[in-house]
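The structure under discussion appears below in the form of structure tokens.
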Amino acid sequence: MTVLCLVEYDGAGMADPSRHALTLARDLAESAGGEVAAVLFTTGGADRPGAGSPAPDNAGPDRAAPEDASPDGAAPDGAAPDGAAPDGAAPDGAAPDGAAPDGAAPDGADPEDAATGLPSAVLGDLAACGVARAWAVRAGTGYAPAAWARGLAELAVTCAAAAVVAAATDRGSEVLAHLGAITGQPVAANAVSARFVSPGLCELTRHRWAGSLLEDATLEASLAIATVAADAGPARPAEKGADVAVQAFCPELADADLRVRAVESAEPAAGVSLATARVVVGGGRGVGGPEGFGVLEELAALLGGTVGVSRVVTSQGWRPHRQQVGQTGTKIAPELYLACGISGAIQHMAGCQGARHLVAVNTDPDAPIIARADYAVIGDLAQVLPALVAAIRARGAAG
Amino acid sequence: MEIGVCVKRVPQVGGRVVVTPDGQDVDTRMSGFAVSPHEECAVEEAVQLTEREGGRVTVLTLGPPQAAQQLRDMLALGAHQALLLETDEREWGPIATAAAIADAVTNRAAAGEPGFDLLLFGNESADTGGYQVAVRVAHALGLPCVTGIKALARTPGGIRASREYRGTQESYDLPLPAVVSVKEGINLPRYPSLPGRLRAKRAPVQVTTPQWQPEGLRKERLRLPSQARKQAEILGTGTGTGVDAVPALVALLDKLGMLP
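Residue numbers (the working numbering), protein chains in the order written: chain A, 408 to 806; chain B, 56 to 315.
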């Protein structure tokens, strides 16, 4: 029995949400005595043979060509997988999002495994997550959601998979929704745990209201399809780092599968990203208006962080939506979230559950956010924040 | 352009979600109802497109008879027509919902109404968050589809839809007709005008009753996540302006290693 897990990656390695997806995939596989196979789509480089061309014309039941590619032997410099899985070391959360966990690609140079077209860094990450088998799927150039789903659907048939899971990222959610539509199977979105109780029947728990509510559910399907919430609990390390056997797979794609694909990429503006900021200074209705955010910006700059806001602030047009923290905005996971003049509606709290320390400044001691905060200042942010900025500046000058 | 926008009636929850004693629903006795935030933006986007391009916006919802109110709310924002796919008390899953919407679109065309050039959805509903109805409708109708969109523009060949992915901008060119799901932030929805509200009150809402079907994903119970209700440590005296708490706050930030 096989559980397929879509893994997102770049030259620096596996995307963090995919670690959570692999953790759930492993639980699902173990509950039925099966194993996990990672699925990675190779989309880039037209210079790579095969990439970008339609599926080769060798359509048989066995289009999968085994290509021996254990990361140890095949990495160009032999160094990449090192340190990816020292015994007992946790590969989860230790590395900040996007950082190369094993130093394989420190400056954008991403050594590729010659046989598979996959970056060596991601092969190391897979081994560290206990993945022994992986499929490198070629589905045209660029990201095409329907083509990726078609690839997963064909692969699920080829290896008689019982389940397909993916991280509940924009791409993971989109691709598995297509997979559900193509196969006619249900999709459980934002699962946090899942296990097979019998063939074709899963018990699972999933998020509703962006995690403010949990749903215990059963999933009866010939192919169990689930996306995995990014905050599904810590990604657990695997017991041992194994060598990854990578096989190539070329699905047969129809023109319709390729008609929607990403056609353009541009780098966004630089600056401290809200999603990955170490410190977020939050402002809500209590800030009073667009002119009230100067002191929040000043404090955020002093602490090396950035400003986040509640939904009322963006719907009033006081601040742009990209600064919104919440269910329909950005989910944050800072070391410190200093929430000022924010009552703590569930729409907002769904976005800041990942904060390590929550400090609230609010005039209302009965505001819901006080019951969720670690520390609270009961007071007026218009008085507290300027005094705090002055005190930090005075401390810096004295020190 | 003929644009259809699918919206969902969801409870308006404020500070906390309350579950009914039988664990089957969110307790809505104390809450109002609204359209999911992403979908309100979808309606605004559609209204803006027709203001520029001409055409009509039809809002569709699948829900109980009371969901007609949410359709009227959207008519007040500038939508032109409303269609209610009326349900009974049962919970409709994504597969049944998508089938009912696809049927309604097909039947509308069969009845001689102009077909939709564009079907807009919210990326996910606020309550059940299934992330899939738009995609299932697109497959049922054989239309191209893209989700999670934060910018939409008309092009000579159709539309260009854009979103962010891991820090980079991705764009998609779609021929029309097409299905697009959008996210809040694509625009800032307007407030309903008084004439708009009066017009919406009197506007007809077309009603059909689609066929429910069971699904493989079945809710057993709802429950709140076990998060220990914290007793926040109050800094300072907890009275007055709060400025007296600043020394304790500075000491805390220092202890947490947050000060420069």
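Cβ coordinates follow ideal geometry from the N, Cα and C atoms, glycine included.
The model shown is predicted, which means the values in this text are computed figures rather than measured ones.
Beta bridge counterpart(s) of residue i as assigned by DSSP
{"i": "residue 64 (chain B)", "result": "B:90"}
{"i": "residue 141 (chain B)", "result": "B:118"}
{"i": "residue 603 (chain A)", "result": "A:609"}
{"i": "residue 230 (chain B)", "result": "B:213"}
{"i": "residue 382 (chain A)", "result": "Any property of residue 382 (chain A) remains undetermined from this structure, which presents chain A solely from 408 to 806."}
{"i": "residue 672 (chain A)", "result": "B:225"}
{"i": "residue 421 (chain A)", "result": "A:416"}
{"i": "residue 614 (chain A)", "result": "A:621"}
{"i": "residue 219 (chain B)", "result": "B:224"}
Contacting residues, own chain, Cβ-Cβ under 6 Å from residue i (five flanking each side not counted)
{"i": "residue 385 (chain A)", "result": "Outside the displayed range of chain A (408 to 806) lies residue 385 (chain A), so it cannot be described from this structure."}
{"i": "residue 150 (chain B)", "result": "270"}
{"i": "residue 415 (chain A)", "result": "422 and 425"}
{"i": "residue 568 (chain A)", "result": "409 and 411"}
{"i": "residue 472 (chain A)", "result": "With a pLDDT of 47 at residue 472 (chain A), under the threshold of 50, the modelled position of that residue is not reliable, and no figure is offered here."}
{"i": "residue 614 (chain A)", "result": "597 and 636"}
{"i": "residue 308 (chain B)", "result": "314"}
{"i": "residue 152 (chain B)", "result": "117 and 188"}
{"i": "residue 433 (chain A)", "result": "443"}
Enclosing alpha helix (DSSP H) for residue i [first to last residue]
{"i": "residue 304 (chain B)", "result": "301–310"}
{"i": "residue 241 (chain B)", "result": "Careful: residue 241 (chain B) lies outside any alpha helix (DSSP H) and carries neither H nor E."}
{"i": "residue 256 (chain B)", "result": "249–257"}
{"i": "residue 663 (chain A)", "result": "662–665"}
{"i": "residue 799 (chain A)", "result": "788–805"}
{"i": "residue 529 (chain A)", "result": "527–535"}
Neighbourhood of residue i by C-beta distance below 8 Å, restricted to the same chain and skipping five residues each side
{"i": "residue 468 (chain A)", "result": "For residue 468 (chain A), the predicted structure reports a pLDDT of 41, less than 50, and the residue's modelled location is therefore unreliable. A value from the coordinates is still provided. Same-chain partners within the cutoff: 565."}
{"i": "residue 118 (chain B)", "result": "63, 64, 125, 139, 140, 141 and 142"}
{"i": "residue 83 (chain B)", "result": "66"}
{"i": "residue 274 (chain B)", "result": "79 and 146"}
{"i": "residue 574 (chain A)", "result": "413, 415, 422, 424, 425, 427, 428, 634, 635 and 637"}
Reference residue i; option with closest CA among the options
{"i": "residue 643 (chain A)", "options": "A:426, A:703 and A:610", "result": "A:426"}
{"i": "residue 213 (chain B)", "options": "B:268, B:194, B:272 and B:104", "result": "B:104"}
{"i": "residue 133 (chain B)", "options": "B:100, B:300, B:173 and B:174", "result": "B:100"}
{"i": "residue 178 (chain B)", "options": "A:533, A:531 and A:580", "result": "A:580"}
{"i": "residue 79 (chain B)", "options": "B:279, B:297, B:256 and B:95", "result": "B:279"}
{"i": "residue 127 (chain B)", "options": "B:239, B:193 and B:95", "result": "B:95"}
{"i": "residue 611 (chain A)", "options": "A:619, A:629 and A:634", "result": "A:634"}
{"i": "residue 630 (chain A)", "options": "A:448, A:435 and A:533", "result": "A:435"}
{"i": "residue 116 (chain B)", "options": "B:264, B:307 and B:273", "result": "B:264"}
{"i": "residue 156 (chain B)", "options": "B:187, B:135, B:272 and B:129", "result": "B:187"}
{"i": "residue 217 (chain B)", "options": "B:57, B:246 and B:204", "result": "B:204"}
{"i": "residue 182 (chain B)", "options": "B:109, B:147, B:224 and B:163", "result": "B:147"}
{"i": "residue 207 (chain B)", "options": "B:171, B:167 and B:240", "result": "B:240"}
{"i": "residue 289 (chain B)", "options": "A:795, A:781 and A:788", "result": "A:781"}
{"i": "residue 771 (chain A)", "options": "B:301, B:302 and B:294", "result": "B:294"}
{"i": "residue 697 (chain A)", "options": "A:723, A:663 and A:802", "result": "A:723"}
{"i": "residue 664 (chain A)", "options": "B:247, B:198 and B:71", "result": "B:198"}
{"i": "residue 658 (chain A)", "options": "A:438, A:575 and A:546", "result": "A:546"}
{"i": "residue 713 (chain A)", "options": "A:552, A:577, A:729 and A:616", "result": "A:729"}
Cβ-based neighbour list, residue i, same chain, cut-off 7 Å, excluding 5 preceding and 5 following
{"i": "residue 791 (chain A)", "result": "768 and 784"}
{"i": "residue 779 (chain A)", "result": "751, 756 and 765"}
{"i": "residue 292 (chain B)", "result": "299"}
{"i": "residue 560 (chain A)", "result": "586, 589 and 590"}
{"i": "residue 67 (chain B)", "result": "86, 87, 88 and 89"}
{"i": "residue 311 (chain B)", "result": "none"}
{"i": "residue 272 (chain B)", "result": "148"}
{"i": "residue 196 (chain B)", "result": "157 and 160"}
{"i": "residue 464 (chain A)", "result": "Residue confidence is low: residue 464 (chain A) scores 38 on pLDDT, short of 50, so the model does not pin down where it sits. No coordinate-derived value is stated."}
{"i": "residue 706 (chain A)", "result": "688, 792, 795 and 796"}
Bounding residues of the beta strand (DSSP E) (the contiguous stretch that carries residue i)
{"i": "residue 764 (chain A)", "result": "764–769"}
{"i": "residue 625 (chain A)", "result": "620–627"}
{"i": "residue 442 (chain A)", "result": "442–449"}
{"i": "residue 285 (chain B)", "result": "Residue 285 (chain B) -> no beta strand (DSSP E), and no H or E assigned at all."}
{"i": "residue 776 (chain A)", "result": "From DSSP, residue 776 (chain A) is part of no beta strand (DSSP E); its letter is neither H nor E."}
{"i": "residue 275 (chain B)", "result": "272–278"}
{"i": "residue 635 (chain A)", "result": "631–635"}
{"i": "residue 784 (chain A)", "result": "782–785"}
{"i": "residue 262 (chain B)", "result": "261–263"}
Any non-hydrogen atom of the ligand SAM closer than 7 Å to residue i Cβ
{"i": "residue 618 (chain A)", "result": "Among the components of this structure there are no ligands whatsoever, and the ligand SAM is therefore not found."}
Where are the beta strand (DSSP E) runs, 3 residues long or more, that stay fully inside the segment 119–203 of chain B, in chain order?
136–141 and 173–177
With a floor of 3 residues, list each beta strand (DSSP E) that falls wholly inside the segment 687–763 of chain A, ordered by position along the chain.
Entirely contained in the segment 687–763 of chain A, the beta strand (DSSP E) runs reaching 3 residues are, in chain order, 713–716 and 743–747.
Quick one: complete beta strand (DSSP E) runs, 3+ long, within the segment 541–579 of chain A?
568–574
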